[in-house]
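Undergrad:
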Amino acid sequence: MPVKKPRNPMPSQDPKERKQNFREVALGYDEQTAQREAERCLQCKNPLCKQGCPVEVDIPEFIKEVVAGNFQKAAEIIKNKNNLPAICGRVCPQESQCEYKCILGKKGEPVAIGRLERFVADWEAQKVTSEINPVESTGKKVAVIGAGPAGLTCAGDLAKLGHEVTVFEALHTPGGVLMYGIPEFRLPKAVVKREIEYIEKLGVKILTNTVIGKMYTIDELMKEEGFDAVFIGTGAGLPYFMNIPGENLNGIYSANEFLTRTNLMGAYDFPHTDTPIKVGKKVAVIGAGNVAMDAARTALRLGAEESYIVYRRSRAEMPARREEIEHAEEEGVKFHLLISPIEFKGDENGNVTKMVCQRFELGEPDASGRRKPVAIPGSEFEMEIDTVVMAIGQGPNPLVPASTPDLELTKKGNIIADPETGSTSKPGVFAGGDIVTGAATVILAMGAGKKAARAIHDYLTNNS
Amino acid sequence: MNKIIKQEKLAENLFLLEVEAPQLARKAKAGQFVIVRISEKGERIPLTIADYDLNAGTITLIFQVVGLTTKKMSLLKTGDYLLDLVGPLGEPSEIENYGTVACIGGGVGIAPIYPIARALKKAGNKVISIIGARNKDLLFWKDKMAEVSDELLIATDDGSEGHKGFVTDVLKEVMTKNSLERVWAIGPMIMMKNVAEVTRPEKIKTIVSLNPIMVDGTGMCGACRVSVGEETKFACVDGPEFDGHQVDFNLAMRRAAFYKDKEKLALEHYNCQCGGGSCKCQ
Ligand SMILES: Cc1cc2nc3c(=O)[nH]c(=O)nc-3n(C[C@H](O)[C@H](O)[C@H](O)COP(=O)(O)OP(=O)(O)OC[C@H]3O[C@@H](n4cnc5c(N)ncnc54)[C@H](O)[C@@H]3O)c2cc1C
Ligand SMILES: Cc1cc2nc3c(=O)[nH]c(=O)nc-3n(C[C@H](O)[C@H](O)[C@H](O)COP(=O)(O)OP(=O)(O)OC[C@H]3O[C@@H](n4cnc5c(N)ncnc54)[C@H](O)[C@@H]3O)c2cc1C
Ligand code: SF4
Ligand code: SF4
Ligand code: FES
Chain A
22 MPVKKPRNPM PSQDPKERKQ NFREVALGYD EQTAQREAER CLQCKNPLCK
72 QGCPVEVDIP EFIKEVVAGN FQKAAEIIKN KNNLPAICGR VCPQESQCEY
122 KCILGKKGEP VAIGRLERFV ADWEAQKVTS EINPVESTGK KVAVIGAGPA
172 GLTCAGDLAK LGHEVTVFEA LHTPGGVLMY GIPEFRLPKA VVKREIEYIE
222 KLGVKILTNT VIGKMYTIDE LMKEEGFDAV FIGTGAGLPY FMNIPGENLN
272 GIYSANEFLT RTNLMGAYDF PHTDTPIKVG KKVAVIGAGN VAMDAARTAL
322 RLGAEESYIV YRRSRAEMPA RREEIEHAEE EGVKFHLLIS PIEFKGDENG
372 NVTKMVCQRF ELGEPDASGR RKPVAIPGSE FEMEIDTVVM AIGQGPNPLV
422 PASTPDLELT KKGNIIADPE TGSTSKPGVF AGGDIVTGAA TVILAMGAGK
472 KAARAIHDYL TNNS
Chain B
79 MNKIIKQEKL AENLFLLEVE APQLARKAKA GQFVIVRISE KGERIPLTIA
129 DYDLNAGTIT LIFQVVGLTT KKMSLLKTGD YLLDLVGPLG EPSEIENYGT
179 VACIGGGVGI APIYPIARAL KKAGNKVISI IGARNKDLLF WKDKMAEVSD
229 ELLIATDDGS EGHKGFVTDV LKEVMTKNSL ERVWAIGPMI MMKNVAEVTR
279 PEKIKTIVSL NPIMVDGTGM CGACRVSVGE ETKFACVDGP EFDGHQVDFN
329 LAMRRAAFYK DKEKLALEHY NCQCGGGSCK CQ
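Chains as they are written, first to last, in this note's numbering: chain A, 22 to 485; chain B, 79 to 360.
Here you go:
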């Protein structure tokens, strides 16, 4: 038996230093470390890791090429299944997907699949300008609505099949949550831009500043603008609030606003950029998912003295990726668990100054299998804060559904689509990503975009 | 990128831009707005579509210089481009034949009230328009407003033209002679609030157009939330027009002032351009 080798740690910026800057926290493996890590893989005959990956990346196959030093080959293997590996390697919740299933994880630590994927993608981006073989045009036009991971993946795959694809994006920059939501220190915008350039090189046209439902309806796209099929990937962009007293006081942000001002509009560089943001001394972020961690860590970087995560369940139920929770703690984010605000109070100018909270205890498991938080009567107390960020989830943006009456929706307003094909109640119209599933993950959105591309291709070739 | 095909100074600190945007011109309806960004590091700011011309494929924006972005925008000339222009956003005005209606525009609010008055007139209403400003030099589009109104009344704070006083005084007068079915009021928050107070006892439905701080304009950020009838609404997608009798104006005014100190800093930074001197811009 060979001695069990430990997983190679990820080189990272020092927590004390990094909480002062917006540069990427995890620095990435070098070639030697990547090869050492790749050698840990057992090259299983029946690789369980693959089952854990929503797009079924050929994990042992690419890892084998990393061991051999054929990084270019490794990149090709990954890109067969995954158009955006530099992004997935950074933000996939690997501990609940590929790495969760890895056999090495049963007794020790799983192979660092995500880090290897990131290494290969970054290596390729630096070393080669991948050639793109022109494909013969099919003469079919597809409209993709939303330039997030779902839309971009779908667009890229359709372009590879020879269809003429136009992506319509509401904001002035494509990328969806990857650009406006996930912060620079976790996913550098240069990485996202690089992946978008690749999609454009495939022949995809991206029209920014175009809100579908306002500039064009889906019917207009199909009847007047000559599109043969439509993919909707508009995401879950509608922020939820708690509907408690005082919620519209100044200094209370949705996570979307807080992160958009910082990431997309560059408010961290104000007044060198024109969009301001205001962060006080004590920031309370409500929620404990990835979005909440991003907001809490962003608040520190914007100069907050204290940044709190306020969550009504316990540590075990926190939905964020393990790594993000650890990073947040290392940087000094404090966790206030089993409490939730019930009211906000402000000063005479309408700025928030206090949060009235209630304590909770965990009761019986609910439908999601997590133990349900139960309020403890009489446990109210006040917390001094001057900035609040609501990160309690988001719903589907209604602009497209509202202008497309024949699109079937769930009660919550998500589009109903076949999980295998993305087809909706409207012929020729497909949907995928967060607009269908509710807020989920980058890789699931990409998986949905991929499946829909295949189904759209079938639809276009059978319908001609 | 949208080309500016006409730039005009209407009055001190008041400018008009006519911009190429064929599809927008086709889709725009009275009451809707656009979001503009003029430079790579620039802010996204909302402006009402004051007019649109299908044949020319253009829309018209009218803006008042109040801070950094509008200041920079006032320096743009015919032939320059707007970096980003997105719209038409928001819900259009509810245009029907109501009977007799009043359209009230205060200051730069004359611009957004114009297409609404025009649409109401076209729908068969008797349109009584009241426009007001601090003095006569700040009034604009009198001829255009007269064209789409059955009656055009004017108020200036200093009495340099029309009634000396506020548009609300004129409105009270109009209400004694006419039975109004609906009122539209667009202008400074305080003016809209006061109009709503004048019509409240008579229960005349009064529509105001709110202008909270916005970022995306598509319902994604919640910056634009306002309280209407105790309910939180996003002005960019649920509005910008709301029932003036239900709006919490005090909250709206406090929210609009949140970034005052930062906005001042941005302007100072722009004006000095010292790149690290003794000013507060670092
Ligand atoms: C702060 C934050 C952190 C996250 N962290 C992680 C993480 O670490 N790992 C992970 O896997 N997932 C993470 N997620 C979730 C992940 O980002 C999303 O699940 C994923 O981006 C969904 O992709 P999508 O393509 O469906 O939608 P989006 O990324 O939301 O993209 C939708 C796009 O459509 C555009 N759009 C919307 N309406 C219209 C319209 N009417 N017309 C034109 N365009 C329109 C939007 O502007 C947007 O660009 C995070 C999410 C957030 C907000
Ligand atoms: C739906 C809507 C329609 C509008 N139509 C017009 C119009 O036709 N003509 C016109 O002159 N103005 C209009 N406004 C107001 C205009 O958007 C602001 O005057 C402009 O954003 C000020 O930007 P600034 O950088 O020059 O000033 P700043 O110094 O940044 O701000 C001055 C004041 O403007 C407001 N403001 C600042 N940023 C924003 C923002 N992003 N969104 C909204 N308000 C902001 C705030 O109250 C602030 O205190 C409209 C606003 C809305 C919401
Ligand atoms: S795409 Fe995500 S889940 Fe799949 S192998 Fe890569 S990191 Fe793992
Ligand atoms: S399960 Fe783990 S060890 Fe086995 S092939 Fe996959 S990554 Fe390698
Ligand atoms: S401006 Fe962002 S939701 Fe209205």
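Here a beta-carbon is modelled for each residue, glycine too, at the ideal position from N, C-alpha and C. Please read all numbers here as calculations on a predicted model, not as lab measurements.
So that I know if they touch, is there some Cβ in chain D lying closer than 8 Å to that of T294/A?
TA: The chain labelled as chain D is not found among the protein chains of the depicted structure, namely A and B.
Undergrad: From G110/A to S444/A, what does the alpha carbon distance come to, in whole angstroms?
TA: By 1-based counting over the first sequence, the position of residue 110/A is 89. By 1-based counting over the first sequence, the position of residue 444/A is 423. CA-CA distance, G110/A to S444/A, rounds to 29 Å.
Undergrad: Measure from the C-beta of V188/A to each C-beta in chain B and report whether the shortest distance is under 8 Å.
TA: For the purposes of this step, residue 188/A is identified with residue 167 of the first sequence, where counting begins at 1. Cβ-Cβ to chain B under 8 Å: no for V188/A.
Undergrad: Would you kindly work out how many angstroms separate the C-alpha atoms of I477/A and L63/A, rounded to a whole number?
TA: One-based indexing of the first sequence puts residue 477/A at position 456. One-based indexing of the first sequence puts residue 63/A at position 42. C-alpha separation (whole angstroms): 38 Å.
Undergrad: Helix, strand or coil for G354/B, going by three-state DSSP, please let me know.
TA: Position 276 of the second sequence, counted from the start, is the residue given in the question as residue 354/B. Its pLDDT being 46, under 50, G354/B is placed unreliably by the model, and the measurement read from it follows with that caveat. Coil.
Undergrad: Taking 7 Å as the cut-off, is the CB of D162/B close to at least one heavy atom of ligand 5?
TA: Position 84 of the second sequence, counted from the first residue, corresponds to residue 162/B. Flag unset: Cβ of D162/B not near ligand 5.
Undergrad: Alpha carbons only, please: which of V261/B, N80/B, L343/B, T148/B is nearest the one belonging to G135/B?
TA: The residue you call residue 135/B lines up with position 57 of the second sequence. Nearest option by C-alpha distance: N80/B.
Undergrad: For F262/A and chain B, any beta-carbon pair shorter than 8 Å?
TA: In the first sequence, the residue the question calls residue 262/A occupies position 241. For F262/A, the answer is yes, since a Cβ of chain B falls inside 8 Å of its Cβ.
Undergrad: What separation, rounded to the nearest whole angstrom, lies between the Cα atoms of S356/B and P297/A?
TA: As a first step, residue 356/B must be located in the second sequence, where it is residue number 278. As a first step, residue 297/A must be located in the first sequence, where it is residue number 276. Unreliable positioning characterises S356/B in this predicted model, as indicated by a pLDDT of 48, which lies under 50. The coordinate reading is nonetheless provided below. In a straight line, the C-alpha of S356/B is about 21 Å away from that of P297/A.
Undergrad: In whole angstroms, give me the CA-to-CA distance for G399/A and M263/A.
TA: If you number the first sequence from 1, residue 399/A lands on position 378. If you number the first sequence from 1, residue 263/A lands on position 242. Rounded to the nearest angstrom, the two C-alpha atoms are 20 Å apart.
Undergrad: Counting Cβ pairs closer than 8 Å, one from the stretch 211–226 of chain A and one from the stretch 298–317 of chain B, do we hit at least three?
TA: They do not touch, by the three-pair rule.
Undergrad: Starting from K311/B, follow the beta strand (DSSP E) in both directions and report where the run begins and ends.
TA: Indexing the second sequence from 1 puts residue 311/B at position 233. Segment 309–312, the beta strand (DSSP E) holding K311/B.
Undergrad: Is there a Cβ of chain B sitting closer than 8 Å to that of E82/A, yes or no?
TA: Residue 82/A sits at position 61 when you count from the first residue of the first sequence. The beta-carbon of E82/A is placed no less than 8 Å from the nearest beta-carbon of chain B.
Undergrad: Quick one: which unbroken beta strand (DSSP E) runs of 3-plus residues sit fully inside the stretch 337–408 of chain A? Chain order, please.
TA: 355–358, 360–367, 373–386, 392–396, 402–405
Undergrad: Closer than 7 Å: is that where the CB of C123/A sits relative to any heavy atom of ligand 4?
TA: Here the question's residue 123/A lines up with position 102 in the first sequence. Result yes, Cβ under 7 Å from ligand 4.
Undergrad: Is there a Cβ of chain B sitting closer than 8 Å to that of A461/A, yes or no?
TA: Counted from its first residue, the first sequence places residue 461/A at position 440. Chain B contact via Cβ: absent.
Undergrad: Using only the alpha-carbon positions, how far apart do P422/A and I436/A sit?
TA: Here residue 422/A is taken as the residue at index 401 of the first sequence, counted from 1. Here residue 436/A is taken as the residue at index 415 of the first sequence, counted from 1. P422/A and I436/A: Cα-Cα distance of roughly 8 Å.
Undergrad: Return yes when the C-beta of P131/A is under 7 Å from any heavy atom of ligand 3, and no when it is not.
TA: Indexing the first sequence from 1 puts residue 131/A at position 110. No, ligand 3 has no heavy atom inside 7 Å of this Cβ.
Undergrad: Give me the Cβ distance between A168/A and E185/A, rounded to the nearest whole Å; I'm assuming they're in contact under 8 Å.
TA: In the first sequence, residue 168/A corresponds to position 147, counting from 1. In the first sequence, residue 185/A corresponds to position 164, counting from 1. Not confirmed; about 17 Å, so no contact.
Undergrad: Show which residues of chain B have a CB atom less than 8 Å away from the CB atom of L259/A.
TA: Looking up residue 259/A in the first sequence gives position 238. The contacting residues are G297, M298.
Undergrad: Let me know the secondary structure DSSP gives A250/A once reduced to three states.
TA: Reading the first sequence from its first residue, position 229 is the one you call residue 250/A. Looking at A250/A - three-state DSSP - the assignment turns out to be strand.
Undergrad: May I ask whether a heavy atom of ligand 1 can be found less than 7 Å away from the beta carbon of C113/A?
TA: In the first sequence, counting from the first residue as 1, residue 113/A sits at position 92. At least one heavy atom of ligand 1 is nearer than 7 Å to the Cβ of C113/A, so yes.
Undergrad: Which of the three DSSP states, helix, strand or coil, is assigned to H241/B?
TA: On the second sequence, residue 241/B is found 163 positions in, with the first residue counted as 1. Residue state, collapsed to three classes: strand.
Undergrad: Does any heavy atom of ligand 7 sit closer than 7 Å to the C-beta of V450/A?
TA: Annotation note on ligand 7: not contained in the displayed structure, which lists ligand 1, ligand 2, ligand 3, ligand 4 and ligand 5 as its ligands.
Undergrad: Quick check on the DSSP output: the beta strand (DSSP E) that includes V225/A runs from which residue to which?
TA: Here residue 225/A refers to the residue found at position 204 when the first sequence is read from its first residue. Counting along the chain, V225/A falls outside any beta strand (DSSP E), and DSSP gives it neither H nor E.
Undergrad: Kindly confirm or deny that the stretch 403–415 of chain A and the stretch 363–381 of chain A touch, where touching means at least three C-beta pairs closer than 8 Å.
TA: yes
Undergrad: To the nearest angstrom, report how far apart N256/B and T178/B are at their CA atoms.
TA: Against the second sequence, residue 256/B aligns to sequence position 178. Against the second sequence, residue 178/B aligns to sequence position 100. C-alpha separation (whole angstroms): 8 Å.
Undergrad: Let me check one thing: in DSSP terms, what residues is S207/B bridge-paired to?
TA: The residue labelled residue 207/B in the question sits at position 129 within the second sequence. According to DSSP, S207/B bridges with C181/B, L230/B.
Undergrad: Counting only Cβ pairs nearer than 8 Å, list the residues of chain A close to Y23/B.
TA: For residue 23/B there is no data in the structure shown, the boundaries of chain B being 79 and 360.
Undergrad: Using a Cβ-Cβ cut-off of less than 8 Å, give me the residues of the stretch 230–256 of chain A that come near chain B, in sequence order.
TA: Going along the stretch 230–256 of chain A in chain order, one finds N230, T231, V232, K235, M236, Y237 with a Cβ nearer than 8 Å to chain B.
Undergrad: Would you say L273/B touches ligand 1, meaning its beta carbon is less than 7 Å from a heavy atom?
TA: Stepping through the second sequence from its first residue, residue 273/B is reached at position 195. One point to set straight first is that residue 273/B is Val, not Leu, in the sequence displayed. Because no heavy atom of ligand 1 lies under 7 Å away, the Cβ of V273/B does not count as near it: no.
Undergrad: Can you list the beta strand (DSSP E) stretches of 3 or more residues lying completely in the stretch 138–226 of chain A, in chain order?
TA: 162–166, 185–189
Undergrad: Helix, strand or coil for N311/A, going by three-state DSSP, please let me know.
TA: Here residue 311/A refers to the residue found at position 290 when the first sequence is read from its first residue. N311/A: helix per DSSP, three-state reduction.
Undergrad: Which residues share a DSSP beta bridge with D439/A?
TA: Working through the first sequence from its first residue, we reach residue 439/A at position 418. In DSSP, D439/A forms no bridge with anything.
Undergrad: Please report the distance separating the alpha-carbon of F327/B from that of L153/B.
TA: The residue you call residue 327/B lines up with position 249 of the second sequence. The residue you call residue 153/B lines up with position 75 of the second sequence. So the alpha carbons of these two residues sit roughly 33 Å apart.
Undergrad: Within 10 Å of its beta-carbon, does L132/B have 16 or more other beta-carbons around it, so buried, or fewer, so exposed?
TA: Along the second sequence, one-based indexing puts residue 132/B at 54. Burial call: exposed.
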